[in-house]
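**Student:** One structure, pasted below without further comment.
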Amino acid sequence: MNLPGPILQPMIECAALTRTYDLGAERVHALRDVTFTVNRGEFVAIMGPSGSGKSTLLNLLGALDRPTSGDLVVDGQSVARMSGDDLARLRNREIGFVFQQFNLLPRMSALENVMLPLTYSPLRGLDRPAIARARLEEIGLGARIHHRPNQLSGGQQQRVAIARALANSPNIILADEPTGALDTHMTAEIMALFSRLHQKGLTVVVITHEPEVAAYAERLLTFRDGELVKDVCQAPIAVNGA
Amino acid sequence: MRLIDCLKEAASALRQNKLRSGLTAIGVIIGVAGIIAIGAAEEGGNKKIEEQMTAMGAGALIVTRNKVGSEGPRGPVVVLADEDEKAIREQVPGIEFITRELDGNVTIVAGNASWTPEYWGVDAAYADVFDVRLAEGRFFDEAEVRSGAKVIVLGATVAKKLFSGESPIDKTVRMGGVPMRIIGVRTTLGFVGGQDYDNHVFVPITTARSRLAHDAAANPHQLSLIDMKIAPWADRDVAKEAVLALLRERKHSRAGEQEKFDVFDPTQYVELMNATHGTLGWLLGVTALILVAVGGVGIMNIMLVSVAERTHEIGLRIALGARKRDILAQFLIEAVLLCAVAGAVGFALGVACSYAVAQAAGWPLILSGRTVAMALLVSAAVGILFGFLPARRAANLDPIDALRRE
Chain A
1 MNLPGPILQP MIECAALTRT YDLGAERVHA LRDVTFTVNR GEFVAIMGPS
51 GSGKSTLLNL LGALDRPTSG DLVVDGQSVA RMSGDDLARL RNREIGFVFQ
101 QFNLLPRMSA LENVMLPLTY SPLRGLDRPA IARARLEEIG LGARIHHRPN
151 QLSGGQQQRV AIARALANSP NIILADEPTG ALDTHMTAEI MALFSRLHQK
201 GLTVVVITHE PEVAAYAERL LTFRDGELVK DVCQAPIAVN GA
Chain B
1 MRLIDCLKEA ASALRQNKLR SGLTAIGVII GVAGIIAIGA AEEGGNKKIE
51 EQMTAMGAGA LIVTRNKVGS EGPRGPVVVL ADEDEKAIRE QVPGIEFITR
101 ELDGNVTIVA GNASWTPEYW GVDAAYADVF DVRLAEGRFF DEAEVRSGAK
151 VIVLGATVAK KLFSGESPID KTVRMGGVPM RIIGVRTTLG FVGGQDYDNH
201 VFVPITTARS RLAHDAAANP HQLSLIDMKI APWADRDVAK EAVLALLRER
251 KHSRAGEQEK FDVFDPTQYV ELMNATHGTL GWLLGVTALI LVAVGGVGIM
301 NIMLVSVAER THEIGLRIAL GARKRDILAQ FLIEAVLLCA VAGAVGFALG
351 VACSYAVAQA AGWPLILSGR TVAMALLVSA AVGILFGFLP ARRAANLDPI
401 DALRRE
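Chains as they are written, first to last, in full-length UniProt numbering: chain A, 1 to 242; chain B, 1 to 406.
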């Protein structure tokens, strides 16, 4: 467990977080009374078998869904009471999504894909191509900014997707099985990238069912049947700083 | 999302499916082209009809002879004569122009060609009463009428029959054996009420009397008609009553009695014909609007397909921070852009068609602001109207569901 201290600042606070779905007569508790806090700069892995509620949690953390009861506070803002536009703003400014299938738009170049979150930014006067180019350079794809997704390898596509997640300088990276579509070598490369982002101070939450991926995190939350069953700190795999 | 980004996205999405976008646009293209063409035909036609209307006597009064009572015991009675015209001219106020008219049929020979149109023997003022416009040459003047000059102005049909496209000006034709010099050709008026309005020639009334009319020797002052134009400041009905009263007095006939003459006001008749034309234009306009609407349904259909195809993309955009209104705007603008491009193409097509029709029908190409605005407005409205439902469907997608879909 994290010890309370002056530098610990809560980034994600779940308080009795519950999400149920009404499927006709049946009521499914996808998430039941979940309480935990992720502090700024933590690298957390969320594990659990399918049906454990980790996808439901991801949707809630990503402000794509609202809890049935309980509260979720992201960077001091309560998600449960937010309007649709405020949720959109939160997704745009605070959260960077990374998906298993990369989810790049095939008709756009790497640069245009990275610019996408910037087009939805409420900030005016951004030099969007320059920001997107800088993000791609930071993750080592500066030479491929005009390539389309189908001209890039899986690992490269996921790096473009990570550059896109970083476009608006969010505080949180939310990754859903980010290495599920990659081979072992690429997995190591991508996870090392997450570790470096974490070292730079970003809060990283990775959902995975692979222990070798979870091993990069410094804290491991385990879910089963919609409940948080285990919350342990661990020594992460050492990654050389960038 | 800024408008310029929406436009870029929309253009890119449409380019992605060039064939599909093009096919979808056809409905709107045809509809807009139709609106333009019909609008231009309507207004060009109106110009033409205005000309026809004056030619037929809108704003004029025509004194006619009634057949009843025209046969007296000593042969045909002279019902209208030069003195009647003089009396009207001098005594009825509000007459701007007045002309005598003596009509008949005559065979005209030019080289090997011959044709038998009506001749209208008139004063020079006829050109003012009926606003005669000439395709070439000139109308005869007062001096030529006084001297009984052997000059003739052809209607368009006569010119075509006798000279088939060649300019007949200054050529000589033989008219009932008399050589006549052609000094003018009237513009084409076309068929009015099923009657060819170009199948006549004008000659000075003096020439008609001395050279053409067979009974002129017996009744040298006989007239077929007296035509007059009422001044714009005068009341046509008042003038008509004044003419009637004067003629009754001169002919010793009482009101209610079967009269030997009549005063005909063609204006109402002409306006009725124009109204028919207006109704036709209106019907065609509605047809074009229906075409555009059908095109709009096509656009709605393709936009629904587009939304369904891009469900995953929409989910992604929402996850990246797009608000409902961003998604709505994106798809709405895509539909509007498609309609705008279709509208522009339809506009060009419509102008081309209008030009061709105007050339063929011999009326001016008139594209009023009203027509252009109508076409632009309709295509934009179609885009917004038929783009809204698909766009709203896109904006209301559940991002979690949408992201799960491939």
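Ideal placement from N, C-alpha and C gives every residue a C-beta, glycine not left out.
Just so we're clear, the structure is a prediction, and the values are computed from it rather than from any experiment.
Since proline 10/A sits in a beta bridge, which residues does DSSP pair it with?
**Tutor:** Answer by DSSP bridge pairing, in chain order: Asn39/A.
**Student:** Are the beta-carbon atoms of residue 481/B and arginine 91/A separated by less than 8 angstroms?
**Tutor:** Because chain B spans 1 through 406 in this model, residue 481/B falls outside it and cannot be assessed.
**Student:** From glutamine 158/A to valine 28/A, what distance separates their C-alpha atoms?
**Tutor:** Their backbone Cα atoms lie some 33 angstroms apart in a straight line.
**Student:** In chain order, which continuous runs of the beta strand (DSSP E) of length 3 or greater are located wholly inside the stretch 85–161 of chain A?
**Tutor:** The qualifying runs are 95–98.
**Student:** Taking C-alpha atoms, which residue in Met53/B, His252/B, Val294/B lies nearest to lysine 260/B?
**Tutor:** Of Met53/B, His252/B, Val294/B, the residue nearest in Cα terms is His252/B.
**Student:** Report, in whole angstroms, the separation of the C-beta atoms of valine 239/A and arginine 196/A, which I expect to be a contact under 8 angstroms.
**Tutor:** Contact flag correct, Cβ pair sits at about 7 angstroms.
**Student:** Below 8 angstroms between beta carbons: does that hold for aspartate 103/B and glutamate 118/B?
**Tutor:** Yes, these two residues count as a Cβ contact at 8 angstroms.
**Student:** Our contact map puts arginine 138/B next to isoleucine 183/B with C-beta atoms below 8 angstroms; I'd like the distance itself, whole angstroms only.
**Tutor:** Right, the Cβ-Cβ distance comes to about 6 angstroms (below 8 angstroms), so this counts as a contact.
**Student:** Which chain A residues are close to serine 306/B, counting only those with a beta carbon under 7 angstroms from its beta carbon?
**Tutor:** Ordered by position in chain A, no residue passes the 7 angstroms Cβ test against serine 306/B, which lies about 13 angstroms from the chain.
**Student:** Which chain A residues sit within Cβ distance under 7 angstroms of serine 368/B?
**Tutor:** Within chain A, no residue comes near serine 368/B; the closest Cβ sits about 41 angstroms away, beyond 7 angstroms.
**Student:** Anything in chain A within Cβ reach of lysine 47/B, meaning under 7 angstroms, just list it in chain order.
**Tutor:** Ordered by position in chain A, no residue passes the 7 angstroms Cβ test against lysine 47/B, which lies about 51 angstroms from the chain.
**Student:** Nearest by alpha-carbon distance to methionine 1/B: which of Gly53/A, Ala88/A, Ile46/A, Leu61/A is it?
**Tutor:** Out of Gly53/A, Ala88/A, Ile46/A, Leu61/A, Ala88/A has the C-alpha closest to the C-alpha of methionine 1/B.
**Student:** I'd like the ranges of any beta strand (DSSP E) spanning at least 3 consecutive residues and lying wholly in the stretch 260–325 of chain B.
**Tutor:** Fully enclosed beta strand (DSSP E) runs of 3 or longer: 261–264.
**Student:** Secondary structure at serine 368/B, three-state DSSP: helix, strand or coil?
**Tutor:** Three-state result, serine 368/B: coil.
**Student:** Does the Cβ of alanine 41/B have 16 or more other Cβ atoms within 10 Å, making it buried, or fewer, making it exposed?
**Tutor:** Classification for alanine 41/B: buried.
**Student:** Between aspartate 71/A and serine 78/A, which are expected to be in contact by the criterion C-beta below 8 angstroms, what is the C-beta distance as a whole number of angstroms?
**Tutor:** Sure, about 6 angstroms apart at Cβ, within 8 angstroms.
**Student:** For a minimum of 4 consecutive residues, which ranges assigned as the alpha helix (DSSP H) are wholly contained in the stretch 101–187 of chain B?
**Tutor:** If we require 4 residues or more, the alpha helix (DSSP H) runs fully inside the stretch 101–187 of chain B come out as 126–129, 142–147, 156–163.
**Student:** Mind listing the chain C neighbours of tyrosine 21/A? Cutoff is C-beta to C-beta under 7 angstroms, in chain order.
**Tutor:** Among the chains of the structure shown, chain C does not appear; the protein chains present are A and B.
**Student:** Tell me where the alpha helix (DSSP H) around valine 238/B begins and ends.
**Tutor:** Where valine 238/B is concerned, the enclosing alpha helix (DSSP H) stretches over 236–251.
**Student:** Isoleucine 226/B to alanine 60/B, Cα distance in whole Å?
**Tutor:** Taking the straight line from one Cα to the other gives about 10 angstroms.
**Student:** Do we get a CB-CB distance below 8 angstroms when we pair leucine 16/B with the residues of chain A?
**Tutor:** Note that residue 16/B is glutamine in the sequence shown here, rather than leucine. Closer than 8 angstroms to some Cβ of chain A, the Cβ of glutamine 16/B qualifies, so yes.
**Student:** Answer yes or no: does any C-beta atom of chain B fall closer than 8 angstroms to that of tyrosine 216/A?
**Tutor:** No - not a single Cβ of chain B is within 8 angstroms of the one on tyrosine 216/A.
**Student:** In chain A, what lies closer than 8 angstroms to isoleucine 302/B by C-beta?
**Tutor:** Residues of chain A passing the Cβ test: none, with the nearest at roughly 17 angstroms.
**Student:** Can you find a C-beta in chain B that's less than 8 angstroms from the C-beta of alanine 80/A?
**Tutor:** Alanine 80/A does not count as touching chain B.
**Student:** Going by beta carbon distance, what residues of the same chain come within less than 8 angstroms of isoleucine 169/B, once the five residues before and after it are set aside?
**Tutor:** So the qualifying residues of the chain are Glu136, Gly137, Ile182, Ile183, Gly184, Val185.
**Student:** How about glycine 62/A: is its C-beta nearer than 8 angstroms to some C-beta of chain B?
**Tutor:** Yes, because at least one Cβ of chain B sits closer than 8 angstroms to the Cβ of glycine 62/A.
**Student:** Going by alpha carbons, who is nearest to leucine 111/A out of Ser121/A, Arg164/A, Gly62/A, Asp75/A?
**Tutor:** When each option's Cα is compared against that of leucine 111/A, the closest is Arg164/A.
**Student:** Between alanine 391/B and chain A, is there a C-beta pair that is closer than 8 angstroms?
**Tutor:** So, not an interface residue.
**Student:** Give a yes or no on whether the minimum CB-CB distance between residue 252/A and chain B is below 8 angstroms.
**Tutor:** Given a span of 1 to 242 for chain A in the structure shown, any question on residue 252/A remains unanswerable.
**Student:** Could you have a look at methionine 56/B and say whether DSSP puts it in helix, strand or coil?
**Tutor:** Reduced to three states, the DSSP call for methionine 56/B is helix.
**Student:** Give the DSSP-derived three-state secondary structure of proline 204/B in the structure shown.
**Tutor:** Three-state DSSP puts proline 204/B in a strand.
**Student:** Could you spell out where the beta strand (DSSP E) holding arginine 219/A opens and where it closes?
**Tutor:** It spans 219–224 - the beta strand (DSSP E) in which arginine 219/A sits, taken as one unbroken run.
**Student:** Name, please, each residue of chain B whose Cβ falls closer than 9 angstroms to the Cβ of glycine 84/A.
**Tutor:** Simply Arg323, Lys324.
**Student:** Scan the stretch 111–136 of chain A for residues whose Cβ lies nearer than 8 angstroms to a Cβ of chain B and list them as they occur along the chain.
**Tutor:** Those would be Leu116, Pro117, Thr119, Tyr120, Ser121, in chain order.
**Student:** What is the DSSP secondary structure of lysine 230/A, counted as helix, strand or coil?
**Tutor:** Reduced to three states, the DSSP call for lysine 230/A is strand.
**Student:** For phenylalanine 102/A, would you say it is in contact with chain B, using Cβ-to-Cβ distances shorter than 8 angstroms as the test?
**Tutor:** So, not an interface residue.
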